[in-house]
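Residue numbers (full-length UniProt numbering): 1 to 139.
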Amino acid sequence: LVALLGASTLTHAQTAAAPAVSAADWKYKTQRLKAAEVDALLAQPDKLLVLDLRRPDELIKYGSFPVYLNIQNSELEKYLAYLPRDRVILTVSNHAQRAGRAGDILTEKGFKVAGATGSEDYEQEGGKAVAHIQPPAPR
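Next comes the structure, spelled out in structure tokens:
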């Protein structure tokens, strides 16, 4: 698992933060979740895996859920064997686009996907679970 986390941290996809997408523009089979639905999932941490698809710099810039696994979309299929099949998966990105794509891939591979969310959208809807941690100053 350490190798998985290290490898995913080193991968930096050149995906810019996507603008918010309307429900009419949602093109994924994975359900896009509202903040209240995300909070209900987060209330059951023993049944949930939060899978964040963002780059490490985005996690710092936009914040993250307190506990998550970080794998870049480009490496998702490579690391499927490391994902638990006994938990429901919540996929996360900034505005849920990468999360929606990942949710569709995971569903096709037989994983139980609760839905996708964007951390920025979640906060705009009043969600409070995203943590913003300031990195220490360089020495």
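Idealized CB from N, CA, C, for every residue including glycine.
Looking at the structure shown, is residue i part of a helix, part of a strand, or coil, going by DSSP?
i   : result
L4  : Only weak support exists for where L4 lies, its pLDDT of 39 falling under 50; the value from the coordinates is given anyway. It is helical.
L42 : helix
I60 : helix
R32 : strand
L80 : helix
D52 : strand
Below 8 Å on the Cβ atoms is my guess for residue i versus residue j; work out the distance and round it to an integer in Å.
i   : j    : result
N70 : L80  : About 15 Å; that fails the 8 Å criterion.
P66 : A129 : 7 Å
T91 : L51  : 5 Å
S93 : G63  : No, S93 and G63 are not in contact; Cβ-Cβ is about 13 Å, not under 8 Å.
Sort out for me which residues DSSP pairs residue i with in a bridge.
i    : result
G118 : S93
A131 : S64
N70  : D52
Select from the options the residue whose C-alpha is nearest the C-alpha of residue i.
i    : options                  : result
Q124 : Q97, K29 and A36         : A36
Q44  : G118, D104, V88 and K112 : V88
G127 : L42, W26 and D25         : L42
Q31  : K78, L76, K112 and K47   : K112
E75  : Y68, K61 and R55         : R55
When you compare the CB of residue i with every CB in chain C, is at least one pair closer than 7 Å?
i    : result
A116 : Checking the listed chains, one finds no chain C in this structure; it contains a single protein chain.
For residue i, which residues in the same chain have their Cβ closer than 7 Å to its Cβ, ignoring the five residues on either side in sequence?
i   : result
N73 : A13, L53, R98, R101 and A102
P84 : L49
Take residue i and list the residues in its own chain whose beta-carbon comes closer than 6 Å to its own, dropping the five residues that flank it on each side.
i    : result
G110 : none
W26  : R32
What does a CB cutoff of less than 8 Å around residue i pick up in its chain, not counting 5 residues either side in sequence?
i    : result
V28  : The amino acid occupying residue 28 in the given sequence is Tyr; Val does not appear at that position. Same-chain partners within the cutoff: G100, R101, G103, D104 and A116.
A16  : Low per-residue confidence applies at A16: pLDDT is 39, beneath 50, and the placement is therefore not dependable, though the value from the model is reported in the following sentence. None.
A131 : G63, S64, F65 and P66
P136 : none
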